[in-house]
Amino acid sequence: MIVRTLDEIIGTERDVKAENGNWVSRRFLLRKDGMGFSFHETIIYAGTETYIWYKNHLEAVYCVAGKGEIEDLGTGEIHPISDGTMYALNTHEKHYLRATEDMRLVCVFNPPITGTEVHDREGTYPIVEDDS
Ligand code: 9YT
């Protein structure tokens, strides 16, 4: 069994900040934990807009605090996000994520990320073949 607390993760290599300062991600479960998915808590900071395209990953996100919205760039639809909202990027949708209040999001990635990924210029996380 794996048991971890946020306090144990903050300040470690599992506590990853976006280079543009838009978010911080606390990575509770990574590929090396062997679950087949990764599991993170992400804070998206108020007043930020982030372009994201997870072309290599599926992601499900559940908001437990804060407010914002997601814009699906394929359809133009804008969906509000607040405590109790889930969205799943089941077709690798390109999107903007905007926060009007700090949003606390619980995120699952399949395939699991390996640990250090931050978005590249395409808003993407690369596939890492081998991190052993
Ligand atoms: C919701 C989202 O994709 N935010 C960016 C960070 C990502 N969730 C992560 O690496 O935890």
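In the working numbering, each residue's number is its place in the sequence shown (first place is 1) plus 229.
Beta carbons are placed, not taken as given, at the ideal position from N, Cα and C, and that holds for glycine.
Computed from a predicted structure; not experimentally measured.
(1) Name the residue from Glu278, Thr329 and Asp301 whose alpha carbon lies nearest to the alpha carbon of Tyr316.
(2) Which residues in the same chain as Gly199 place their Cβ atom closer than 6 angstroms to its Cβ, once the five residues preceding and following it in sequence are excluded?
(3) Rounded to the nearest angstrom, what separates Thr241 and Gly305 at their Cα positions?
(4) Would you say the beta carbon of His321 comes nearer than 8 angstroms to a heavy atom of ligand 2?
(5) To the nearest angstrom, how far is the alpha carbon of Ile356 from that of Gly313?
(6) Going by C-alpha distance, which of Ile310, His308, Gly303 and Val337 is nearest Glu322?
(7) From the DSSP output, which residues share a beta bridge with Ile299?
Reading off the structure:
(1) Looking from the CA of Tyr316, the closest CA among Glu278, Thr329 and Asp301 belongs to Asp301.
(2) Residue 199 cannot be examined here, being either before or after the span of the chain that is shown, 230 to 361.
(3) One alpha carbon belongs to Thr241, the other to Gly305, and they sit about 38 angstroms apart.
(4) Inclusion of ligand 2 in the displayed structure is not the case, the ligand content consisting of ligand 1 alone.
(5) So the two alpha carbons sit approximately 30 angstroms from each other.
(6) Checked all of Ile310, His308, Gly303 and Val337; the closest Cα to Glu322 is Gly303.
(7) DSSP output for Ile299 lists His308 and Leu326 as bridge partner(s).
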